[in-house]
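K.L.:
Residue numbers for the sequence shown follow the UniProt record's numbering, so the first one is 1 and each next one is one higher. Can you keep this structure in mind? I'll have questions shortly.
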Amino acid sequence: MSSLLEQLVSTVVSSKQRVKPSQDEDVITVSETVSAAASAYETMRNYLEYDEEHLFRRNAIRRILKRRFGEDDFKALSSDIIHELIWARYLPNKEIFVRTIDEVAAVLEKYQVLFDEISNLQESSSISLWLIDMLSTEIEYHLVPPLVNEQLALFAYQSLKQRVQWSATAMAKEDEDLALYIGVHRCIFKSNLPTLRYRIFLLYYPDWKTNPSSDFIKQIAKNLPLIHTTIERVVNHPLRDVVFRAVQRHAINYQILLDLIEKDPEGFFTLVSNQSAFEKEIKKAADHRYQQFYVRLRRSLVRAVIFLFFTKMILGVIIELPYDVFILKTTNYIPLLTNIFFHPFILAVIGLSVRIPTKANTEKITEEILSLLNIGGKPWVLLIKKRREWPRGFMGGVFHGIYLLLFALTITIISSILRALDFNFVSIFIFLFFLSLVLFFGLRLRGGRREMVIVETGSGAFSTLIDIFFLPIIRFGRFISLNAPRINIFLFFLDFIIEAPFKALIRLIEGWLAFLKEKKEDI
């Protein structure tokens, strides 16, 4: 067994022996009553944003920072961040040490130097948002250190590095290691762009995390535009998705391996020495992963359907219905009801049709894990090659023309059918707008299956037809999804009109409850 695997097992053992707060050290305590209200608010807001569940806590930190960063009292801001996270149940109550407030305040203070340095730069707005993402990631990692994930990433990176085969034209030699590192974090931990930026930043400047000197912080601040440009070039490499898809096919091996270690870290190596027993445990772990996938799929489906239903119902009431009543002087409810119910129904059908070839997939996973630990199985490689080239120049223009023509043809056919059903211009626009979102959400839900499936599965004739006629619409849905947080008026209303006074009210109620408790104790 490799030393990295032994370190991973050791890290899991240490994580299970988490230090419990002692009676001698103060911990942060919040009221369970106000916590229930804050948690309900967060749940409602997360339905409107429709993001990955593992990013909810980070998003909450980011919202607080966007709302309040720049205040002079770092300790007060740090205290409020931690209290709000505990209220929303992103952190456990009565387990976070009071000294953590000072630690997070120190993180806020060192970032303030960076914000001050870029305040007069032309690109200060984009770099400021970039820094907010970095800061929210660092705060989350300080509050909930991902020690096991980091060790698993190191083990996965080193084992894949030994198996990777780069095609001669895939990528420049100096970019390969970093691209593989990013691919591992994207696939195994679903790291988003802000997370990747922070991880790459720490690769370049590892001292940043461990009490950097004031001179070091100033040096970072002066070089920040160059650092920003360099990291963006790395995380947005044109072949990043090629590496991602290659690593994704084998990511399940490492996740199941971690599941087995976490189940019984002390007995893991004994289990591995008994190959037949080990193979049975791999099958059990794989089956459990499949069940978890279907649970997550259904949960994501419910969130997506609720997001679509309420968003469309609100748009129907404030746009479509008034347009019918006051402009067209009609009250045709069929298009309105169709626009409210049709898209959630289609999304549900797409999501519930996802299936995993469990038997063949589990056999392949078992084979690769045995090979990974050098105890059996066939050797496997991680092959990374460029996408198949398509003609450029004149023929490329022809392909783009056909692509746009198919897009226009699809829109025309759908619009004609809707006109025949007495849809007006506004109803048709809303229908097409949400159809693109539904198809993209459906593709993303089905794409989660690729995280589980390691065996080759070909695409059928129906899938090819969908690609031909609906791919442009799906890509438009992707564009809307990526830009929706910027234009989502409901989120803007919640974040800047509702959230600040709501959190202030919670803080006031908690203070009042603390006052009453003190008076009661005096009796």
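Glycine included, each C-beta is placed from N, C-alpha and C at the ideal position.
#1: Return the CA-CA distance between PHE342 and LEU131, expressed in angstroms with no decimal places.
#2: With C-beta atoms as the reference, is ILE384 less than 8 Å away from LEU435?
#3: Thinking C-alpha only, which one of ILE413, ASP522 and TRP512 is nearest PHE469?
#4: By how many angstroms is the C-alpha of GLU456 removed from the C-alpha of VAL354?
#5: Would the segment 413 to 423 and the segment 301 to 310 be scored as touching if the rule is three or more Cβ pairs under 8 Å?
#6: Buried or exposed for MET171, please, with buried defined as at least 16 other CB atoms from any protein chain shown within 10 angstroms of its CB.
#7: Who pairs with GLN165 in a beta bridge, going by DSSP?
#8: Give me the Cβ distance between LEU4 and GLN158, rounded to the nearest whole Å; I'm assuming they're in contact under 8 Å.
#9: Is any heavy atom in the ligand MG found nearer than 7 Å to the beta carbon of ILE340?
#10: Whose C-beta lies closer than 7 Å to the C-beta of VAL426 among residues of the same chain, with five residues either side of it excluded?
#11: I'd like to know if the segment 132 to 139 and the segment 60 to 69 are in contact, where contact means that at least 3 CB-CB pairs between them fall below 8 Å.
#12: Could you compute how far the alpha carbon of ILE454 sits from the alpha carbon of VAL107?
#13: I'd like the span of the alpha helix (DSSP H) that includes SER353, first residue to last.
#14: Is it true that the segment 223 to 237 meets the segment 143 to 160, where meeting means three or more beta-carbon pairs spaced less than 8 Å apart?
#15: Fully enclosed by the segment 191 to 278, which alpha helix (DSSP H) runs are 4 residues long or longer?
#16: Between which two residues does the alpha helix (DSSP H) harbouring VAL107 extend?
#17: Where does the unbroken alpha helix (DSSP H) through residue 525 begin, and where does it stop?
#18: How about TYR290 and ILE356: are their beta carbons less than 8 Å apart?
#19: Since LEU4 is in the alpha helix (DSSP H), which residue starts that stretch and which ends it?
#20: Let me check understanding here. Comparing Cα to Cα, which of PHE244, ASN236 and THR230 lies closest to LYS190?
#21: Out of GLY316, ALA37 and ARG298, which has the shortest C-alpha to C-alpha gap to ILE86?
#22: Do LYS94 and VAL34 have their beta-carbon atoms positioned less than 8 Å apart in this structure?
#23: On a CA-only basis, which of ILE428, VAL317 and GLN292 is nearest LEU418? Give me that one, please.
P.N.:
Here's the rundown:
#1: In the sequence shown, residue 342 corresponds to position 342, counting from 1. In the sequence shown, residue 131 corresponds to position 131, counting from 1. Spanning the two alpha carbons is a distance of roughly 41 Å.
#2: To locate residue 384, count along the sequence shown from 1; it is residue 384. To locate residue 435, count along the sequence shown from 1; it is residue 435. No, Cβ-Cβ distance for ILE384 and LEU435 is not below 8 Å.
#3: On the sequence shown, residue 469 is found 469 positions in, with the first residue counted as 1. Out of ILE413, ASP522 and TRP512, ILE413 has the C-alpha closest to the C-alpha of PHE469.
#4: In the sequence shown, counting from the first residue as 1, residue 354 sits at position 354. In the sequence shown, counting from the first residue as 1, residue 456 sits at position 456. Their Cα atoms are separated by approximately 16 Å.
#5: no
#6: The residue you call residue 171 lines up with position 171 of the sequence shown. Under this definition MET171 is a buried residue.
#7: Within the sequence shown, residue 165 is the residue found at index 165, counting from 1. Note: GLN165 sits in a beta bridge opposite LEU383.
#8: Start at 1 with the first residue of the sequence shown, and residue 4 comes out as number 4. Start at 1 with the first residue of the sequence shown, and residue 158 comes out as number 158. Yes, LEU4 and GLN158 are in contact; Cβ-Cβ is about 6 Å, under 8 Å.
#9: The ligand MG is not part of the structure shown, which contains no ligands of any sort.
#10: If you number the sequence shown from 1, residue 426 lands on position 426. Only ILE319, GLU320 and TYR323 meet the Cβ criterion.
#11: yes
#12: Locating residue 454 in the sequence shown gives position 454, where the first residue counts as 1. Locating residue 107 in the sequence shown gives position 107, where the first residue counts as 1. Whole-angstrom Cα-Cα distance: 41 Å.
#13: Position 353 of the sequence shown holds residue 353. Element bounds for SER353: n/a, residue is neither H nor E.
#14: no
#15: 193 to 204, 214 to 222, 224 to 235, 240 to 263 and 268 to 273
#16: Position 107 of the sequence shown, counted from the start, is the residue given in the question as residue 107. Its alpha helix (DSSP H) spans residues 100 to 118.
#17: Outside the shown range of the chain (1 to 523) lies residue 525, about which nothing can therefore be said.
#18: For the purposes of this step, residue 290 is taken as residue 290 along the sequence shown, with counting starting at 1. For the purposes of this step, residue 356 is taken as residue 356 along the sequence shown, with counting starting at 1. A contact, by the Cβ cut-off of 8 Å.
#19: Position 4 of the sequence shown holds residue 4. Its alpha helix (DSSP H) spans residues 3 to 16.
#20: The count along the sequence shown starts at 1 and reaches residue 190 at position 190. When only C-alpha atoms are compared, the closest one is PHE244.
#21: Taking the sequence shown and counting its residues from 1, one reaches residue 86 at position 86. For ILE86, the nearest C-alpha among the options comes from ALA37.
#22: The residue you call residue 34 lines up with position 34 of the sequence shown. The residue you call residue 94 lines up with position 94 of the sequence shown. Not in contact: VAL34 and LYS94 (Cβ atoms no closer than 8 Å).
#23: In the sequence shown, the residue the question calls residue 418 occupies position 418. Closest by alpha carbon: ILE428.
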